[in-house]
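To start, the structure under review is shown below, and the notes come after it.
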Amino acid sequence: IALDWSDHALWWPEKNKWLLRSRNTLDQYNVQADAKLQFTPMHKNLKVQLPDLQILDMRVDFSTKCFSTVVQTCKELGIRHPEELSFFRKWDKDDLKQVAKEVHKRKKRGDPDANGPLTSNGTLHISEANPDSGRISPYPSSSPSGPSPNNTLGRSGNGYSTLNNTLLPGSLHSLSFESCLETSLSNSPYISAKDAFQYLLRPKNFAEKARSNCAWLDSSTSLMEQGIKENDFIMLKFKFYNFYDLNPKYDSIRINQIYQQARWALISEETDCTEEEMMVFAALQFQVYLQSGVPQPDLDTSMNAHNQSQDDEIDAALKDLQESLEGSSVTAKSDITHVPELCDYVKFFKPKKLTLKSHKRYYATFRDTFISFYRSKEESKGTPVMARIDVKGCEAQPDVNLSAQKYVIKLFVPEPEGMSEIHLRFELEEQYCRWMAACKLASKGKTMADSSYEAEVAALQNFLSLQHPVICTSQNSTTPTTAPNHVDIQPEDYVAPRFIKKARVKGVIGKIMEAHSSVQDMSLMETKLAYIKAWQSLPEYGITYFRIKMANSKKEELMGVASNRVILMDLNTGDSQKTWRYNTLLSWRVNWEVENVILEFESEKVTFSSMECSCKTIHEFIGGYIFLSTRSTDKNQTLNEEMFHKLTGGWHE
């Protein structure tokens with residue numbers, strides 16, 4: 001391959017910008033005679049750490065917008081829907097203890113060791129004597145070798161790929177490498193938690209969680225302009241927790257990487273959960289470990305069966321619709337005038353300071369988005385004993401302990417002075433699931449008449465069923481299973497450290513095995529998807545925290561950005577104070593003069609400033625989630641990068 005200069009461009013270090021418009025003169029760029037310009041390649045080597053902690057040497061474009069670079073990187077790795085991912089700076093534990101803005105400026109200036117990878121002894125995990133150990137990773141000997149089909153993942157003699165790769169796409173070496181890489185990314189090698197903790201941020205409180213989120217790169221700026229240098233260490237992570245069309249047939253790598261990010265978030269205590277939930281996650285992880293070593297059922301067969309069941313459901317729904325329109329059988333189920341309603345005896349409690357915890361028993365009804373309380377069922381036709389609660393705009397959080405038969409819904413109701421906390425306790429699991437599903441929908445402004453209600457109830461029931469041990473399993477299961485009796489389990493690799501401190505190691509292993517009886521018939525892909533769904537059901541799932549200060553306030557608070565809402569929270573406890581949903585958001589922008597984020601909702605205008613990171617980062621999260629919500633069900637839709645930058649750019653034109 002002849003050497004040419006087509007990949008080179010001019011870089012202006014003093015102004016921190018690329019001069020990419022070749023038709024423009026230097027005078028149009030305001031370049032003076034004393035300016036120093038660098039004629040440098042646009043594609044450079046970069047160490048990219050994936051969610052499963054594997055690190056690859058890749059050759060990426062340092063001159064295009066970060067979003068475009070991520071899209072190309074995901075294309076090389078075989079990950080669909082790259083709009084859900086982004087690059088994350090490498091931050092160490094000491095950075096979390098410093099003011100994030102200072103650390104951000106230090107890294108951007110490129111101070112010594114500012115971008116170095118995490119190590120346990122201050123040295124790189126690269127052996128100078130071994131040219132093949134060209135990646136810093138907890139997997140020192142599992143690195144695939146050979147060039148990738150697009151010459152970006154290859155490894156040359158010095159440990160990095162080169163543009164002048166003589167092996168062409170489609171060659172035997174390229175195909176074997178591609179197969180090896182796909183296997184490695186869709187079924188990650190095992191790593192102990194002890195080794196992984198060197199590479200993971202383990203925030204101890206909400207303030208550190210907020211600070212760590214300042215490390216996301218700006219999607220509308222190039223890597224070079226954000227201080228990323230050649231051979232730097234950077235992380236590729238799922239940034240937006242709105243996963244679209246997870247298809248086992250096409251997304252084996254994507255599903256595995258989501259599973260791995262969820263797994264390490266739980267084990268490193270970045271995401272909180274109860275002990276019973278942790279044992280379910282540990283059991284699912286153990287099942288993944290067992291299934292990764294045995295043959296799996298054909299995905300085509302399982303997909304055909306899945307599609308057949310979907311067709312049956314569609315036919316049944318169409319038949320029901322036809323009958324209801326023809327009027328042949330008008331029942332309560334098909335009567336569109338019927339308003340769904342829940343009626344049960346519940347225990348009501350409103351926490352107050354210096355008050356004993358005592359629940360009052362009421363007969364409660366849930367109709368539309370309102371909950372009303374009565375002294376008894378007989379009085380339910382009369383006047384409620386208290387003002388009814390409008391669940392629209394509320395936050396609903398679970399508080400469940402199966403062993404103690406505790407089924408509680410925590411409702412945070414917005415009031416003028418803040419969020420009021422209310423507890424609803426139920427006697428039965430079935431009651432809890434139906435009321436919790438109704439609360440989740442009502443908080444979004446939907447009722448139980450919505451088609452997603454039954455699916456929400458089923459999802460809650462499935463998650464709780466995983467926490468129930470199964471005494472005997474089906475004898476007709478076609479999924480291969482492996483007896484776990486001879487497997488040596490290290491609890492610290494499956495359970496967050498705080499749970500091991502509470503119980504003895506043998507006790508933890510016993511609980512994992514007990515929970516494993518409920519999932520031992522699952523295939524590898526089913527287990528990973530079950531893990532992801534269980535992760536999505538946690539109260540803290542998908543909330544990205546930022547330290548902010550509201551306009552006309554001196555108090556620092558926490559702003560949580562989720563896929564469908566923003567939440568004002570207490571910085572110390574994480575308690576919700578107020579919630580605003582995107583479906584009432586009219587506009588969002590940044591006032592760059594005073595560094596404020598401005599959100600205009602139907603009911604009010606919210607203005608706040610970011611205390612640690614750029615307000616552009618918060619704006620990008622909000623705009624990014626709104627962009628993801630515009631994705632249609634059309635499988636042939638193309639990624640609209642222009643629309644993404646328009647919604648996330650922060651410029652008010």
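Numbering (full-length UniProt numbering), first residue to last: 1 to 653.
Just so you know, even glycine gets a beta-carbon here, dropped at the ideal spot from N, CA and C.
Taking just the CA atoms, how far does residue j sit from residue i?
i, j, result
"L3", "G650", "41 Å"
"L411", "H81", "34 Å"
"I489", "Y374", "52 Å"
"L568", "E557", "7 Å"
"F349", "K90", "45 Å"
"P497", "K347", "34 Å"
"Q431", "S553", "42 Å"
"V438", "S576", "The residue you asked about is not Val; residue 438 is Ala in the sequence shown. Rounded to whole angstroms, A438 to S576 spans 20 Å at the Cα level."
"P295", "Y289", "13 Å"
"I136", "Q198", "Residue confidence is low: I136 scores 41 on pLDDT, short of 50, so the model does not pin down where it sits. Its coordinate-derived value is still stated next. Cα to Cα, I136 sits roughly 12 Å from Q198."
"M235", "F499", "28 Å"
"T467", "S523", "The sequence given here places Gln at residue 467; Thr does not occur at that position. Those two C-alpha atoms are separated by around 18 Å."
"L647", "A262", "27 Å"
"residue 655", "D570", "This structure gives no information on residue 655, because the portion of the chain shown stretches from 1 to 653."
"L460", "L185", "30 Å"
"I622", "E641", "16 Å"
"A455", "N462", "10 Å"
"K392", "V495", "36 Å"
"Y453", "Y244", "20 Å"
"R202", "D94", "11 Å"
"K333", "Y259", "Caution applies to K333, whose pLDDT of 44 falls short of 50 and renders its modelled position unreliable; the value that the coordinates give is listed next. K333 and Y259: Cα-Cα distance of roughly 38 Å."
"residue 655", "I79", "Any property of residue 655 remains undetermined from this structure, which presents the chain solely from 1 to 653."
"K578", "P539", "16 Å"
"G146", "I55", "Because the pLDDT at G146 is just 32, under 50, the model does not fix this residue reliably, and the point stays unresolved."
"E378", "S188", "59 Å"
In the DSSP assignment, the beta strand (DSSP E) including residue i goes from what residue to what residue?
i, result
"T40", "Q38 to P41"
"N591", "L585 to N591"
"W12", "H8 to W12"
"F349", "E341 to F349"
"A396", "E395 to N401"
"I580", "Residue 580 is actually Trp in this sequence, not Ile. It spans S576 to R581 - the beta strand (DSSP E) in which W580 sits, taken as one unbroken run."
"S212", "That residue, S212, is in no beta strand (DSSP E); its alpha helix (DSSP H) goes F206 to S212."
"F608", "K605 to S610"
"A364", "K360 to R367"
"P414", "K406 to E415"
"M559", "E556 to V561"
"N596", "N596 to F601"
Looking at the secondary structure, which residues open and close the alpha helix (DSSP H) in which residue i lies?
i, result
"Y453", "Y453 to L466"
"D195", "A193 to A196"
"K381", "That residue, K381, is in no alpha helix (DSSP H); it is neither H nor E in DSSP."
"W18", "From DSSP, W18 is part of no alpha helix (DSSP H) but of the beta strand (DSSP E) over K17 to L19."
"S252", "S252 to I267"
"S372", "Element bounds for S372: not the alpha helix (DSSP H) but the beta strand (DSSP E), F370 to Y374."
"W435", "E429 to S443"
"H619", "C615 to S629"
Starting from the C-beta of residue i, find all residues in its chain whose C-beta is less than 8 Å away, skip the five residues before and the five after it, and write them out in chain order.
i, result
"P384", "S372, F373 and Y374"
"N213", "T544, Y545, F546, C613 and T617"
"G382", "Y374"
"Y407", "V400, R425, F426, E427, L428, E429, Q431 and Y432"
"R361", "Y345, V346, K347 and F348"
Identify every residue that forms a DSSP beta bridge with residue i.
i, result
"C74", "According to DSSP, which records beta bridges pairwise, C74 is partnered with nothing at all."
"M235", "Q49 and F88"
"D57", "K47"
"Y289", "Answer is none; Y289 lacks a bridge partner."
"I422", "L411"
"K65", "S222"
"W216", "F88"
For residue i, I'd like the list of residues in its chain whose CB is within less than 7 Å of its CB, leaving aside the five on either flank, ordered along the chain.
i, result
"T481", "Per-residue confidence for T481 stands at a pLDDT of 42, beneath the threshold of 50, marking its modelled position as unreliable; the derived number appears in the next sentence. Once the five neighbours on either side are set aside, the close Cβ partners of T481 are Q520 and D521."
"E341", "T365, F366 and R367"
"L20", "A9 and S63"
"K17", "E225"
What residues in its chain sit with their C-beta under 6 Å from that of residue i, if we drop five residues either side in the sequence?
i, result
"E595", "S609 and C615"
"N242", "S563 and L628"
"T152", "Confidence at T152 is low in this model, with a pLDDT of 40, below 50, so the placement of that residue should be treated as unreliable; the coordinate-derived value is given next. M58, R59 and E76."
"L217", "C66, F87 and Q226"
"M448", "P340 and A438"
"S587", "E600"
"L37", "L10 and W12"
"E269", "A496"
Inset, instruction - Tell me the start and end of each unbroken alpha helix (DSSP H) in the segment 490-577 that is at least 4 residues and wholly inside, in chain order. - result: 497-502, 505-516 and 524-536
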